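Novice: Below is the structure I would like to discuss, written out as structure tokens.
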Amino acid sequence: MDNSRQRTAPQVLISHASEDKQRFVVPLATRLRGSGVDAWMDAWEINPGDSLIDKIFNEGLKNSQAMIVVLSRHSIDKPWVREELNAGMVKKITEKLKLIPIRLDSCDVPECLKHTAWQDIADPSSFDVEFERILNSIFGQYEKPSLGEPPPYTQSEAPELAGLSKIDAIIFALCCNRTFEVPFLLIDREWLAEATGALGISTENVVETQEVLHNRDFAKVHWTMGPKHICSMTVTEWGFNQFAISHPDYTRALESVALMIIRDRDGSSHEMMKKSDLPPRLIEHALFVLENNQYIRTTKVHGGNIFVDYVSPELRREIER
């Protein structure tokens with residue numbers, strides 16, 4: 001390794017029992033060096049005549065970014081593990097560098113290391129998977145899948161509706177917006193399955209939402225026999241009103257329809273639709289709201305046309321104000 005590469009490579013001190021050197025430590029250190037880690041091991045760093053203290057403390061520990069402690073049936077009985085590797089020593093080490101315990105032989109782990117995640121090695125002669133984890137720990141990498149794209153429905157906007165979860169509101173908004181495209185409030189089950197599937201919403205979530213919408217009168221679900229599945233449903237006028245209140249044309253629709261009834265004497269929804277730029281669904285709903293508030297009475301005939309049969313004096317007074 002050239003000097004510039006050695007300066008940038010993380011240095012890791014390996015603490016071990018001599019009995020584990022040939023069977024595990026040398027192969028580990030060799031593989032670490034081959035993977036860009038400056039593994040510091042006594043056999044490679046200390047020559048006859050060198051000061052052990054200077055070498056270990058002034059070069060080994062001082063310059064290391066991590067310390068590997070190899071625990072085994074041999075090392076756990078060594079004085080430095082049994083007596084010297086205590087909580088105080090571990091705290092002192094971890095204040096300066098990362099401590100990575102490696103356990104061989106399923107040996108007991110010292111009490112002071114039980115709060116530190118260790119790496120088990122079942123077979124010291126074959127540890128490819130474990131080596132990758134040790135390497136990731138040294139370089140601060142974590143084994144987890146890359147972040148993918150969130151489901152499309154998380155980008156959908158829907159008004160907050162009392163009693164409905166976020167996903168309930170998204171599905172209900174999808175159904176209400178559908179009624180702007182078709183001349184009825186019935187939501188076909190095939191269309192609903194396709195539309196929710198395109199947003200990444202599971203069948204289980206749709207079925208659960210349908211039950212909530214049905215129980216809270218946002219929609220009437222047309223249940224069928226068999227295992228739970230997506231069914232056709234009809235949006236109720238009350239439910240649609242909870243959604244429509246947030247529509248930018250809601251207030252204008254009520255005012256425009258009331259004006260057409262009083263001033264223009266338009267007597268049917270189809271006449272109103274011909275002269276208005278409002279969505280037909282909002283015109284029909286405005287008639288429902290006015291009738292629900294007892295301002296008018298209507299009759300709906302075959303073909304969907306809604307005729308105004310009666311107009312309350314109160315509506316005239318509201319308009320003339």
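Note that this note's numbering numbers the sequence shown so that position 96 is 96, with each residue one more than the last.
Beta carbons: idealized from backbone N, C-alpha and C, even for Gly.
Bear in mind that the values here come from a model prediction, so they are computed numbers and not experimental data.
1) Return the CA-CA distance between G34 and N136, expressed in angstroms with no decimal places.
2) With distances taken between CB atoms, is the gap from R73 to C107 smaller than 8 Å?
3) I'd like to check one pair, L104 with A66: are the Cβ atoms closer than 8 Å?
4) Using the three-state DSSP reduction, which class does T94 fall into: helix, strand or coil?
5) Could you pull out every residue in the same chain whose Cβ sits closer than 6 Å to the Cβ of I201, ignoring the five residues on either side in sequence?
6) So, does the region 185-200 touch the region 229-238, judging by three or more C-beta pairs under 8 Å?
7) Would you identify the three-state DSSP class for K21, choosing helix, strand or coil?
8) Considering Cα atoms alone, identify which of F180, F139 and L199 is closest to I171.
9) For Y250, which residues in the same chain have their Cβ closer than 6 Å to its Cβ, ignoring the five residues on either side in sequence?
10) Helix, strand or coil: which one does DSSP assign to G49?
11) What residue range is occupied by the uninterrupted beta strand (DSSP E) comprising A117?
12) Could you have a look at R31 and say whether DSSP puts it in helix, strand or coil?
13) Compare the beta carbon distance of E291 and T299 with 8 Å and say whether it is the shorter of the two.
14) What do you get for L259, buried or exposed, if any count of 16 or more other CB atoms within 10 angstroms of its CB means buried?
15) Can the beta-carbon of I68 be found closer than 8 Å to that of V129?
16) In its own chain, which residues sit with a C-beta less than 6 Å from the C-beta of G239, not counting the 5 before and 5 after it?
17) Bridge partners for A39 per DSSP, in chain order?
18) Would a C-beta distance cut-off of 8 Å place V336 and F24 closer than the cut-off?
19) Assuming the contact rule is C-beta atoms closer than 8 Å, I296 and V308 should be a hit. Round their C-beta distance to whole Å, please.
20) In the DSSP assignment, the alpha helix (DSSP H) including T203 goes from what residue to what residue?
21) To test your reading of the DSSP string, which unbroken beta strand (DSSP E) runs of 3 or more residues are found completely within the region 117-171?
22) Alpha carbons only, please: which of H247, N63, P183 and R216 is nearest the one belonging to G303?
23) Report back the beta-carbon spacing between Q119 and I102 to the nearest angstrom; my notes put them in contact at under 8 Å.
24) Please state whether DSSP places R103 in a helix, a strand or coil.
25) Could you have a look at S228 and say whether DSSP puts it in helix, strand or coil?
26) For T196, count neighbouring Cβ atoms within 10 angstroms of its own Cβ and tell me buried if that reaches 16, exposed if not.
27) Does M41 pass the burial test, meaning 16 or more other C-beta atoms within 10 Å, or should it be called exposed?
28) From V257, L161 and E143, pick the residue whose C-alpha is nearest to that of L282; which is it?
29) Using 10 angstroms around the beta-carbon of A117, count the other beta-carbons present and answer buried if the total reaches 16, otherwise exposed.
30) Would you mind working out which of P151, H115 and I100 sits nearest F131, comparing C-alpha positions?
31) Using only the alpha-carbon positions, how far apart do N177 and L192 sit?
32) How is T236 classed by DSSP in three states: helix, strand or coil?
33) Nearest to E194 by alpha carbon, out of T179, L161 and I230?
34) How many whole angstroms separate the CB atoms of V289 and N241, which I take to be in contact at a CB cut-off of 8 Å?
Specialist: In terms of the structure at hand:
1) 14 Å
2) yes
3) no
4) helix
5) Y153
6) yes
7) helix
8) L199
9) A244
10) Caution is warranted here: a pLDDT of 48 is assigned to G49, below 50, making its placement in the model unreliable, and no coordinate value can be reported.
11) Segment: none, A117 is in no beta strand (DSSP E) and carries neither H nor E.
12) helix
13) no
14) exposed
15) no
16) F218 and A219
17) V12
18) No answer is possible for residue 336: the residues shown for the chain start at 1 and end at 321.
19) 5 Å
20) T203 to N215
21) 119-121
22) P183
23) 5 Å
24) strand
25) For the record, residue 228 in the displayed sequence is Lys; it is not Ser. Coil.
26) buried
27) buried
28) V257
29) exposed
30) I100
31) 12 Å
32) coil
33) I230
34) 7 Å
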